[in-house]
Every structure is written in C-alpha cells, then in structure tokens.
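From first to last, the protein sequence lines stand for chains A and B.
So in my numbering, the last one in the first sequence is 225, and the numbering has no gaps at all.
So in my numbering, the last one in the second sequence is 450, and the numbering has no gaps at all.
Everything on this sheet refers to the single structure shown next.
Number of protein chains: 2
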Amino acid sequence: MARIAVVEDDSWMREELMDILQKEGFEAVAITDFHDVVAQMATLAPNLVLLDINLPGPSGFEICKSLKSKGIGPILMLTSRDKLQDELHGLHLGADDYLTKPCNRDRLLARIQNLLRRFERQPDLIDGGSFSLDPNTFTLYKGSESLLLSANEGKILLALAQHKPEVVSKSTLSEILWGTDQYIDENALQVNLTRLRKTLRQLGLEDQIETIRGKGYRLRGQEKP
Amino acid sequence: MARIAVVEDDSWMREELMDILQKEGFEAVAITDFHDVVAQMATLAPNLVLLDINLPGPSGFEICKSLKSKGIGPILMLTSRDKLQDELHGLHLGADDYLTKPCNRDRLLARIQNLLRRFERQPDLIDGGSFSLDPNTFTLYKGSESLLLSANEGKILLALAQHKPEVVSKSTLSEILWGTDQYIDENALQVNLTRLRKTLRQLGLEDQIETIRGKGYRLRGQEKP
DNA sequence: AGAACACTTACAGATGATGTAAGGAAAGTT
DNA sequence: AACTTTCCTTACATCATCTGTAAGTGTTCT
C-alpha cells in the first residue's frame, strides 16, 4: 500500500487526515518537524506528499519547490485560502494537485488515488522475444498490433515468458491456473495451451511454445543469429 | 501513430529499418546529418530514437548522453558489436534499451513497442468529484477501491464527467452509445442509466447523477462547503 | 385527473470463457 | 510392426456477463 506523508501543523486537522488515510489502508506518516522536511522525505520515500501551505517557519510553497527539485512527489497541496492566486502559485511551483480545506473525505481520497495512479510507475511489459505482454491486463503486443488474452491464456503465457528460457512443468502451470498442483487436469491445461497457440497465431506468432515431451513447455528462443 | 527517428549511417541498414517501421505504420524519419542531432530532435520531437553506435563523427554514446540530458527519449541503441561491455556502457549513458545487429524484425518491433508503452504518458484519470475514472479501461476508483464498469456504463459516466458541470442531453448520450442521435432509444438509455447508478451505489457513490427533466443528465457537484 | 417523463424490474438473446469428452496424431517401446 | 504413452485438436455444454426489449410503477407538470 502507498505511503503518504502528511505535512500539516494544525494538530486537529492532521489527526483527521491521518485517520481518514489509515482507515483507507494507506500508510500515513505525520511530519511535525518542519525544519528539514526535504531530508526527512528523502529517507521516508513517500508515494505521495500531502502538504499544507500555512506552516510555521518555511511556507508550504518553499517546501514544495525544494521537494520537487529533489524529484520527490507527487505533491497534493492543501490550503484553507481558496484564492485562485494561491492555486496558480502552488501549481506553478510544482504541486501536482491542489485542494482547498475544508474538504470532503471522498474528494480527498479521489484526488489522492488519482495522483498515485498518475505517478505510479508503469509496469514494464514482459519481453517474450518477438512479442511483449502486459502482465496486468494480459494484453499481447506484436509490432503495432495488440490483442487481449483471456485470463487463462494470459497466465500461461506470462508464466512461460517469466521462466524463459527454462521449461515450465505442467504441475507449475496447473498451480498457476487452478492453485493446485496436486491434481493436474492435464486435459484442461492442454486445451488452454491449444487456445493460446491459436491466439498467438492470430498475431502471426507461430511456434512460440515448444513442448518438451514429458517435462512441460517453454518459449522458443529467437536468439539464434 | 508514433514518430521514430532513425539515426544510422549505413544506408542499407537505414533503408531496411525505415521499411520495417513504415510498413508497421510508424512515422519513420531518417537522420543523416550527425552534426547537430540534438537540435534536429528538438524540433522533430520523436516518440522514440533508434540510435546506432557506430556513427561517423560523434559516437552514438555521446549523442545518447546529450539527448538524454535534454530529456529526449526513449532511446533504443543499435549496435553490431555484441559485447557486454558496450551494452553496459550504453545503458549507463542513458539508453533505455539495447539491441544487437543483425536483429530479427519481430524482435525489433517488440522492443520498440515495449519502449513506447513504457514511456507513454499515462493518461490522466478523469476527476469526477468524489471518484475518478480511467477513460481507457473504464475502471472506476473511489478511495482505494476500484470497479470495472461495463462498456455502456463507462461511456455514459465518462461523458458526464467530461462535460461536467454541463447537462448532457439524451441525444448526445445516444450518439455516444450507439453512434446515432437520429433514433433515440430512450428506453435502453434509461436502463443503462439505472445500471450505472446501481453500480455507483456499490462503491458508496449515491446520487451522483442528476436528472434534468426534459434536458438530460449531469454529474452532481460536490463543491458546496 | 391526465399526460408526459422518469425509474425499476424481469426476461431473453448474444457473446465469450472455460471445462468435458472423444478421437486422432506423433513419438517412444517392445 | 504393434502397442503404449503422450500430445494435439475439435465439438459440445455450461456458466457468467452484457445488453436490449417489454412491461409496470413512480414522479412531475399543467
């Protein structure tokens, strides 16, 4: 779960925020020492910073600026002053989003979720040699074409690509598909293999999956010059 | 479609690459003047750079370094020297991926597609007030919960969120759902609306959609303090 | 009260995912 | 060569989901 740093001096407001975040399953960390926020953040490595503007000592704007210069973010600015001027100023200094207090719980969470997703590192595609595969959506890419695999096809192909160049045993695949290697439904696995092969053929990917008789399957290497 | 800059001195190889890329639907641009590659790139704004290491004049490594320093990328390095040393060197200077010549057409395309997706700007979620919506997958987020909408539900909610705070007429929604505003299937639209409302309720999002009698629908504002 | 509009629910067809079953092909064994 | 084991393919049935149709109910306006 994401870690969120809460930089807010008003203790009531801070507790309120922490409460909302923790109930939502976030790992919320309160920052109450405003002297060296940047250094604290560096070790904390939060996934998101909730930053109040009105702080004793350095203003939120300054902190925002220095956090951004260190590549720390995303930053969601909190302020009770709902003047457009401030908003522009804040965004200009690098805040990624902006929220005025008091704010609705749902609205706060929606903004946070939004920012987290926007800054979430896009998971790398799995490189299968002559194709690539999005491990989350099971979308198969070859050149500029793409195809959405069914769940079973995706699981099998992902397993093969991740284990490449080793052979993946039937019991392993069985476990991946049905969560058990005790009872191997060889037939069902076989049928799903056939389906996957047919789907691969639709993208011009012939002969990707090599059968190792008695051992299992593996992705065919494409490396030979 | 993505624009790809091909920086390669060997004319045969360059034509080959251009051919592959163009047949795949990419907008391929050949760079043959190696003096001021960075400046050319800046105006070209390619989505990806195919960069050969062995260039007359400045080495591919140097170009790679300066391109990266300008934030231009992703860069896919091409080389005929398949020594690990070079690879490490190249990646260290900022190349995002690395390919040895000669290379398989499919492998080249897979790598390109991979890089393009990795560096693709993640589309922002649509902010619906107390929820957010991924306009591509029609995934609905509220706090840390999420829900996958059906196509029709997604289209309607997206339209409402994008037009917010304006009212979206039934004929507009009809056009969005079925590509025509000539014949409004009011009943079907109504049913889909009901389904969407029920789905929203599953996430605790009550009363999001406001009916403007005789005009259409709109997202209810959440701004009142 | 009546009419127009909005909402809900139940039903059915279409589609897609997936397991079952049966038969055929290929490879290894005797 | 005949047999056995393993693998592949196809057809079918089931199940879930999506979505439009239809009918009935509720709400608002005049």
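Idealized CB from N, CA, C, for every residue including glycine.
Asked	Found
Endpoints, the alpha helix (DSSP H) within which Asp331/B is located	330-344
For Arg239/B, the three-state DSSP class (helix, strand or coil)	helix
Residues from the region 120-151 of chain A in contact with chain B, defined by Cβ distance under 8 Å	Glu120, Gln122, Asp124, Leu125, Asp127, Gly128, Gly129, Ser130, Phe131, Ser132, Asp134, Thr137, Tyr141, Lys142, Gly143, Ser144
Where Ala230/B sits in the DSSP three-state scheme	strand
Anticipated Cβ contact below 8 Å, Ser201/A with Leu160/A, distance rounded	The sequence as given places Arg at residue 201/A; Ser does not occur at that position. Between Leu160/A and Arg201/A the Cβ distance is about 16 Å, and since that is not below 8 Å, they are no contact.
Beta-carbon neighbours of Gly25/A, restricted to chain B and to distances below 7 Å	Ser369
Own chain partners of Ser132/A with C-beta closer than 7 Å, once the 5 adjacent residues on each side are dropped	Leu125, Ile126, Tyr141
Residue interval of the alpha helix (DSSP H) (run including Ser399/B)	395-403
Partners in chain A for Asp331/B, counting only beta-carbon separations shorter than 9 Å	Gly129, Ser130, Phe131, Lys142, Gly143, Gly204, Leu205, Gln222
The region 290-303 of chain B touching the region 255-271 of chain B, judged by at least three CB pairs closer than 8 Å	yes
Coil, strand or helix - Ile53/A by DSSP	coil
Asn412/B, buried or exposed, once every other Cβ within 10 Å from all chains shown has been counted against 16	exposed
Nearest-angstrom Cα separation, counted from Gly204/A out to Gln415/B	43 Å
Ile245/B beta carbon less than 7 Å from that of Arg330/B	yes
Chain A contact residues for Asn339/B, given Cβ-Cβ distances below 8 Å	Asp124, Leu125, Asp127, Ser132, Tyr141
Limits of the unbroken beta strand (DSSP E) element including Lys142/A	139-142
Closer than 8 Å at the beta carbon, the chain A residues around Arg443/B	Chain A residues near Arg443/B: none, gap ~18 Å exceeds 8 Å.
Residues of its chain near Gln433/B, where Cβ-Cβ distance is below 7 Å and the 5 sequence neighbours each way are ignored	Leu425, Leu444, Arg445
Rounded C-alpha distance that separates Thr364/B from Thr137/A	12 Å
Cβ neighbours of Asn47/A in the same chain (closer than 7 Å, five flanking residues each side left out)	Ala2, Arg3, Ile4, Leu116
Coarse secondary structure for Gly214/A, derived from DSSP in three states	coil
Sequence-distant residues of its chain with Cβ nearer than 6 Å to Glu435/B (five each side left out)	Arg443, Arg445
Within chain B, the residues that Leu67/A reaches when beta carbons sit closer than 9 Å	Result: empty, since nearest Cβ-Cβ is about 20 Å, beyond 9 Å.
For Ala270/B, the three-state DSSP class (helix, strand or coil)	coil
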